[in-house]
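Undergrad: My questions all concern the structure below.
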Amino acid sequence: MTKTVIVGTNHAGIAAANTLLDNFQNQEVVMIDRNDNLSYLGCGTALWVGRQIDSYEDLFYAKREDFEAKGAKISMETTVETVDYEQKQVHCQTKNGETFVESYDKLILATGSIPIAPKIPGRELANIHFLKRFQDGQAVDEILSSEGIDNVAVIGAGYIGVEIAEAAKRRGKNVLLFDAMERSLPSYYDKRFTDDMDQNLTEHGIELHFGELATEYKGESKVEAIVTDKGEYPIDLVINAIGFLPNNDLGKNHLELFKNGAYLVDHHQQTSDPDVYAVGDCATIFSNALQATTYIALATNAVRSGIVAGYNVGGVALESIGVQGSNGISIFGLHMVSTGLSVEAAEKNGLNVKYTDFEDLQRPGFMKNNAKVKIRIVYEVDSRRVVGAQLSSTEDISSVIHMFSLAIEEQVTIDKLKLLDIFFLPHFNQPYNYITMAALSAE
Numbered sequence: 017m018t019k020t021v022i023v024g025t026n027h028a029g030i031a032a033a034n035t036l037l038d039n040f041q042n043q044e045v046v047m048i049d050r051n052d053n054l055s056y057l058g059c060g061t062a063l064w065v066g067r068q069i070d071s072y073e074d075l076f077y078a079k080r081e082d083f084e085a086k087g088a089k090i091s092m093e094t095t096v097e098t099v100d101y102e103q104k105q106v107h108c109q110t111k112n113g114e115t116f117v118e119s120y121d122k123l124i125l126a127t128g129s130i131p132i133a134p135k136i137p138g139r140e141l142a143n144i145h146f147l148k149r150f151q152d153g154q155a156v157d158e159i160l161s162s163e164g165i166d167n168v169a170v171i172g173a174g175y176i177g178v179e180i181a182e183a184a185k186r187r188g189k190n191v192l193l194f195d196a197m198e199r200s201l202p203s204y205y206d207k208r209f210t211d212d213m214d215q216n217l218t219e220h221g222i223e224l225h226f227g228e229l230a231t232e233y234k235g236e237s238k239v240e241a242i243v244t245d246k247g248e249y250p251i252d253l254v255i256n257a258i259g260f261l262p263n264n265d266l267g268k269n270h271l272e273l274f275k276n277g278a279y280l281v282d283h284h285q286q287t288s289d290p291d292v293y294a295v296g297d298c299a300t301i302f303s304n305a306l307q308a309t310t311y312i313a314l315a316t317n318a319v320r321s322g323i324v325a326g327y328n329v330g331g332v333a334l335e336s337i338g339v340q341g342s343n344g345i346s347i348f349g350l351h352m353v354s355t356g357l358s359v360e361a362a363e364k365n366g367l368n369v370k371y372t373d374f375e376d377l378q379r380p381g382f383m384k385n386n387a388k389v390k391i392r393i394v395y396e397v398d399s400r401r402v403v404g405a406q407l408s409s410t411e412d413i414s415s416v417i418h419m420f421s422l423a424i425e426e427q428v429t430i431d432k433l434k435l436l437d438i439f440f441l442p443h444f445n446q447p448y449n450y451i452t453m454a455a456l457s458a459e
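Just so you know, we're using this note's numbering here: the sequence shown kicks off at 17 and counts up by one.
Here it is, written out as structure tokens:
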């Protein structure tokens, strides 16, 4: 019998536990988490805060009882204080102050990430929140329901920031969206696409403050104003969504780290300690677009890494096939999806790339149900392999990105896409499909 201790019970830890429990008879599985809940889909926070779904209950997709029924031992509201890697022991403390030690044969670290907290004056004031855990969403939701909460500042215009800005606006609040960058969503999209999102946000009443850096929060006991390098604004609630850093507290002095502090893992999710695996947001991942190890914190990546670790710990050699960082967002009816690298991201990483753009209606012009689709395909100059794609529309074009994800993984060239067999039916698309037309127009 092999004893595996899993620290962390969100997406990556859940996937690892299910893989071990469902496929291997010789596994004793211990799951430890400092939270009081497991398997929370944080990507749904903005949906229930913005009242686009009825409640948060279904955002929890697994129950403690399910794992216990399969034989797992679970300790919730329990903090792992230290790990003795020499003795292979996990030292824990419960919320009641009781301490205990779990030995392990194999250890899976699924400790996730922690929000970036700007160290500016006034950060200790009330009504300044982050969005990570279920409890964070609960707190923001309750404050938005309180009297006198009219002006909401969202710091950070990445995915979470833009989504919670929409949610607060749907709750009838005056929303100010701040970012030190000059546009929203710069990590995943080029300016050609983010210009549309910025216009979409403005048209729906969100006040954009880009290229603006927060320097201070003011107030007596609660936050009353935010000060930036360009002005001061009255505020009743601040939601920080600047980004995340890998939570490496338990292993940073023992395990080899990536440049951003994530645990460096191989294609089996194994760390520099052969008996320790790391999964999810605390670990590195291999980018097929970059053809290099990198860091991409996405729930889908976390699940896949948990599955890979589970099989390898169970004794079945399984290698990760790498990822593309496929992602999407839908704000006030504007859908944007991307995979791989934008032109900006590719150039920052030293890739010599070109791109091809195209814009057309989703269906023939005679179809009443219709909308424009914008596409960009990014490809490497020398190899001509596709390294990224971006699409936007008020149509649901999300499934298209899966094809580009596979194209990047398989190192398909832009030239191979030119005569790709794409079916045509007026209900769905055009005879001269925008994917074909974009590929054909590539240099």
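Virtual Cβ for every residue (Gly too), placed ideally from N, Cα, C.
Near Val-472, which residues of its chain fall below 6 Å by C-beta distance, leaving aside the five closest residues on each side in sequence?
TA: Residue 472 lies beyond the range of the chain shown here (17 to 459); nothing can be said about it.
Undergrad: In the structure shown, what three-state DSSP assignment does Arg-199 receive?
TA: Arg-199: coil per DSSP, three-state reduction.
Undergrad: Can you tell me the Cβ-Cβ gap for Val-239 and Ala-142, rounded? I've got them flagged as a contact below 8 Å.
TA: Indeed, because the Cβ distance is near 7 Å, the residues count as touching under 8 Å.
Undergrad: For Lys-185, count the other beta carbons within 10 Å of its own beta carbon; 16 or more makes it buried, fewer makes it exposed. Which is it?
TA: Result: buried.
Undergrad: With 16 as the cutoff for other CB atoms within 10 Å, does His-443 come out buried or exposed?
TA: Exposed, by the Cβ-count rule.
Undergrad: Just the Cα atoms here: how many angstroms apart are Ala-305 and Val-96?
TA: Cα-Cα distance, rounded: 36 Å.
Undergrad: If you reduce the DSSP assignment to three classes, tell me which class Ser-119 lands in.
TA: Looking at Ser-119 - three-state DSSP - the assignment turns out to be strand.
Undergrad: Can you give me the Cβ contacts of His-270 inside the same chain, cut-off strictly under 6 Å, excluding the 5 residues immediately before and after it?
TA: Contacts found: Tyr-101.
Undergrad: Among Ile-393, Leu-334, Gly-322, which residue has its Cα nearest to the Cα of Leu-478?
TA: In the structure as shown, the chain starts at 17 and stops at 459, and residue 478 therefore has no counterpart that could be examined.
Undergrad: Output the distance between the C-alpha atoms of Ala-62 and Phe-382, rounded to the nearest integer angstrom.
TA: Roughly 37 Å between the two C-alpha positions.
Undergrad: Quick one: what does DSSP say Gly-356 is sitting in, helix, strand or coil?
TA: DSSP places Gly-356 in strand when its eight states are reduced to three.
Undergrad: Cα-Cα, which of Asp-297, Glu-335, Ala-387, Ser-288 is closest to Thr-25?
TA: Nearest of Asp-297, Glu-335, Ala-387, Ser-288 to Thr-25, Cα basis: Asp-297.
Undergrad: Write down every uninterrupted run of the alpha helix (DSSP H) in the region 63-148 whose length is 4 residues or greater and which is fully enclosed by it, in chain order.
TA: 80-85, all fully within the region 63-148.
Undergrad: Starting from Asp-376, trace the beta strand (DSSP E) both ways and give me its first and last residue.
TA: From DSSP, the beta strand (DSSP E) with Asp-376 extends over 369-377.
Undergrad: Over the uninterrupted alpha helix (DSSP H) stretch that includes Val-394, give me the two end residues.
TA: First-last for Val-394: 388-396, but that is the beta strand (DSSP E), not the alpha helix (DSSP H).
Undergrad: Ordered along the chain, which non-local residues of its own chain (more than five positions away) have a Cβ less than 7 Å from that of Asp-166?
TA: Counting only Cβ-Cβ distances below 7 Å, and skipping sequence neighbours, we find Lys-189, Asn-190, Asp-252.
Undergrad: Under 8 Å between the Cβ atoms of Ile-242 and Pro-134?
TA: Not closer than 8 Å, so no.
Undergrad: Have a look at Leu-280 and Thr-309 and give me their C-alpha separation to the nearest angstrom.
TA: Computed Cα separation, rounded: 9 Å.
Undergrad: Under 8 Å Cβ to Cβ from Thr-244, same chain only, skipping five residues before and after it: list those, please.
TA: So the qualifying residues of the chain are Phe-194, His-225, Glu-228, Leu-229, Ala-230, Thr-231.
Undergrad: Taking all protein chains shown into account, do 16 or more other C-beta atoms lie within 10 angstroms of the C-beta of Val-332, making it buried, or fewer, making it exposed?
TA: By the neighbour-count rule (16 or more Cβ atoms within 10 Å), Val-332 is not buried but exposed.
Undergrad: So the beta strand (DSSP E) Glu-232 belongs to, where does it begin and stop?
TA: Element bounds for Glu-232: 230-234.
Undergrad: Between Met-17 and Met-213, how many whole angstroms is the CB-CB distance? I'm expecting something under 8 Å.
TA: About 52 Å separates the two Cβ atoms, so there is no contact after all.
Undergrad: In the DSSP output, which residue or residues are listed as bridge partners for Val-403?
TA: Note: Val-403 sits in no beta bridge, so no partner.
Undergrad: Rounded to the nearest angstrom, what separates Val-428 and Tyr-233 at their Cα positions?
TA: Between Val-428 and Tyr-233, the C-alpha separation is close to 50 Å.
Undergrad: Decide if the region 280-292 is in contact with the region 149-159; the criterion is three or more beta carbon pairs, one per stretch, under 8 Å apart.
TA: Not touching, per the Cβ criterion.
Undergrad: List the residues that DSSP assigns as beta-bridge partners of Phe-194.
TA: Paired residues: Ile-171, His-225.
Undergrad: Applying the 10 Å Cβ sphere with the 16-neighbour rule, what's the burial state of Leu-160?
TA: Looking at its Cβ environment, which holds 16 or more other Cβ atoms inside 10 Å, Leu-160 is buried.
Undergrad: Could you round the C-beta distance between Leu-192 and Glu-163 to whole angstroms and report it? I think they count as a contact, below 8 Å.
TA: Going by Cβ atoms, the distance from Leu-192 to Glu-163 rounds to 20 Å, so no, they are not a contact pair.
Undergrad: Using the Cα positions of Gly-113 and Ile-90, report the straight-line distance between them to the nearest angstrom.
TA: Their backbone Cα atoms lie some 17 Å apart in a straight line.
Undergrad: Using only CA atoms, which one of Tyr-175, Cys-108, Ile-255 lies nearest to Leu-217?
TA: Checked all of Tyr-175, Cys-108, Ile-255; the closest Cα to Leu-217 is Tyr-175.
Undergrad: Just curious, the alpha helix (DSSP H) that Phe-444 is in, first and last residue?
TA: Run containing Phe-444: none; DSSP gives neither H nor E here.
Undergrad: Given a threshold of 16 other Cβ atoms within 10 Å of its Cβ, counted over all protein chains shown, does His-131 qualify as buried or as exposed?
TA: Correcting the residue identity first, residue 131 is Pro in this sequence and not His. Buried, because 16 or more other Cβ atoms sit within 10 Å of the Cβ of Pro-131.
Undergrad: Quick one: what's got a C-beta closer than 6 Å to Gly-341's C-beta in the same chain, skipping five residues either side?
TA: Same-chain partners within the cutoff: Ile-312.
Undergrad: How should Ile-22 be labelled, buried or exposed, when 16 other C-beta atoms within 10 angstroms of its C-beta is the threshold for buried?
TA: Classification for Ile-22: buried.
Undergrad: For Val-21, which beta-bridge partners are listed by DSSP?
TA: Val-21 is bridged to Val-46, Leu-123.
Undergrad: When burial is assigned at 16 or more other CB atoms within 10 Å of the CB, is Phe-83 buried or exposed?
TA: Flag for Phe-83 reads buried.
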